[in-house]
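Worksheet: one structure, shown below.
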């Protein structure tokens, strides 16, 4: 997707010369950051839109999480649950189809407009009708442009009803409503900025629901309000004094686009930034030795995996699938290229998700692998290719795997490419082996179970293109089990179903899940309250202060 081009202009005067210096793109040096301002060095070049109905990038999720509110939000004290955000309470009908939310009283948007159930309904309507990338999270409940007005509606000013098409597990529905696409926008403000559209076969509505304006605009109620985004340069947020919860301790937060780990480390050491967000192992080590700095980390809902295309007759043999799981040197990876940025994790549900299974049964075992290859009739090995994106840590992981496979007589040819090249080939099922990452679309076990353990139609024309489908793994029984887990209302029973699925995937699947991403940050020791969340939209900054 091409980056949108935006005029590099500031919509507000910045307070003080020090703040102006912080926002100058390409300036060679910066003063020590102001006492009321947090400055983070962060690779934010993935941002293409600030509209929560459109944005689906990691950096934008963090901004949205701090600038918009939701009906419910992930409970960071127990991430298998959600807690009320704008919603004071909610009930589920006896048939499991109707969710009724009561809003907290006296809520206001940053604009000063009151927050009502009509704003919630409009937010759902515009997300569905815009039909941008994240819309499927709401749409999967049988919601479309024709029925959204009936399925997501305001009963009165403080009551919102959401009707789904099946009696899903309530935890599944609520977790999906904690995704950023369900952010509540100020309907009155957005409607003042809608642009007319000529209906067409691809888009049948006569307006853009404020999408063009919200790409750079703001209509939320979070702890901070978006003040400015300059593509590939900077994001500025300032405190929202109308926020319904505890007010942010700092006046503003600035994300400076900095892609290189070494550049972030040098800026942190010099005091030009307060936090460095994209650090590689060597720079993490250097920061750990600096008395003025410290580091922190948190597991994120992203797993890195190697997958074996079952269209390849050698890779389709069960013994080969199992042998390859013993041919990853997990310990060596953990102590080198994954040091500080990933932890070995071999099951498809990341830590912190309902039903997560913390089991890592595989170790590098050359003798065991050779024994399995011999049982498959491949004692002399074979040749195979792997498509690898030109980026770390996957390049280093692929080279390590190439070396350990070679010890078992398997000749691996690495085919490098950019993200578009490798993904296009992978999505067409034209690869032998692929190495990549999978991040949750929402904080619920179904987000990963559906892709690793479900493949309703394994034909090349199949429309549900899960990771199991991409690797031509035909699993009708596991697909049924995955669907059944969506309908189990008892959380303990549902968790047990996902644990059983993970055990089966460990033993039989063409997936070698290697590690879970650790997000790391280096920070100056005068910061208080800085913490990374389990997802990018839970990297909250409202609680941060400075000594």
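Numbering (mature numbering (1 follows the signal peptide of the UniProt record, and there is no 0)), first residue to last: -31 to -1, 1 to 516. All C-beta atoms, glycine included, are put in the ideal place defined by N, C-alpha and C.
- Shown here for residue 408: same chain residues with a beta carbon closer than 7 Å to its own, the five before and five after excluded, namely 270 and 271 in chain order.
- Pairing residue 149 with residue 340, the inter-Cα distance amounts to about 48 Å.
- When 420, 74, 67 and 123 are compared, the shortest CA-CA separation from residue 57 is found for 74.
- Between residue 260 and residue 236, the alpha-carbon positions lie close to 15 Å from each other.
- In the displayed model, residue 406 falls within a strand according to three-state DSSP.
- Runs of alpha helix (DSSP H) with 4 or more residues, each lying fully within the region 383 to 449, are found at 388 to 396, 415 to 421 and 436 to 439, listed in chain order.
- By DSSP's assignment, residue 59 forms a beta bridge with 70.
- Under the three-pair Cβ rule at 8 Å, the region 138 to 146 counts as touching the region 408 to 426.
- Take the alpha-carbon of residue 155 and the one of residue 64: they are about 32 Å apart.
- For residue 97, the enclosing alpha helix (DSSP H) has its first and last residue at 86 to 99.
- One Cα belongs to residue 5, the other to residue 219, and the distance between them is close to 5 Å.
- Rounded to the nearest angstrom, the gap between the Cα atoms of residue 262 and residue 446 is 52 Å.
- Rounded to whole angstroms, residue 294 and residue 406 show a C-alpha spacing of 17 Å.
- In the DSSP annotation of this structure, the continuous segment of the beta strand (DSSP E) that includes residue 9 starts and ends at 6 to 11.
- For residue 205, the three-state secondary structure derived from DSSP is strand.
- Counting C-beta pairs with one atom in each stretch, the region 371 to 380 and the region 231 to 248 have fewer than three that are closer than 8 Å, which means they do not touch.
- Under the criterion of beta carbons closer than 8 Å, residue 369 and residue 298 qualify as touching, at roughly 6 Å.
- Residue 391 is not a Cβ neighbour of residue 422, given a cutoff of 8 Å.
- Under DSSP, no beta-bridge partner is assigned to residue 329.
- At a Cβ-Cβ threshold of 8 Å, residue 454 and residue 467 count as neighbours.
- Residue 33 is positioned such that its CB atom lies closer than 8 Å to that of residue 152.
- Three or more Cβ pairs drawn from the region 169 to 178 and the region 89 to 101 lie within less than 8 Å of each other, which places the two stretches in contact.
- When secondary structure is reduced to three states using DSSP, residue 146 falls in the coil class, being assigned neither helix nor strand.
- Here DSSP, grouped into helix, strand and coil, assigns residue 158 to helix.
- For residue 324, there is no enclosing alpha helix (DSSP H), since its DSSP letter is neither H nor E.
- In the three-state reduction of the DSSP assignment, residue 505 falls in the helix class, which pools H, G and I.
- With 16 or more other CB atoms across the displayed protein chains lying within 10 angstroms of its CB, residue 36 is buried.
- Residue 441 and residue 26 have their C-alpha atoms some 28 Å from each other.
- Per DSSP, the beta-bridge partners of residue 176 are 165.
- Take residue 201, set aside five residues on each side of it, and the residues of its chain with a beta-carbon closer than 6 Å to its own are 14 and 226, in chain order.
- Setting aside the 5 residues that flank it on each side, residue 439 is surrounded in the same chain by 395, 396 and 398, each with a C-beta closer than 7 Å to its C-beta; the list follows chain order.
- Per the coordinates, the alpha-carbon of residue 16 lies some 17 Å from the alpha-carbon of residue 104.
- The closest CA to that of residue 334, considering only 31, 78 and 292, is found on 292.
- In the structure shown, the three-state DSSP call for residue 514 is strand.
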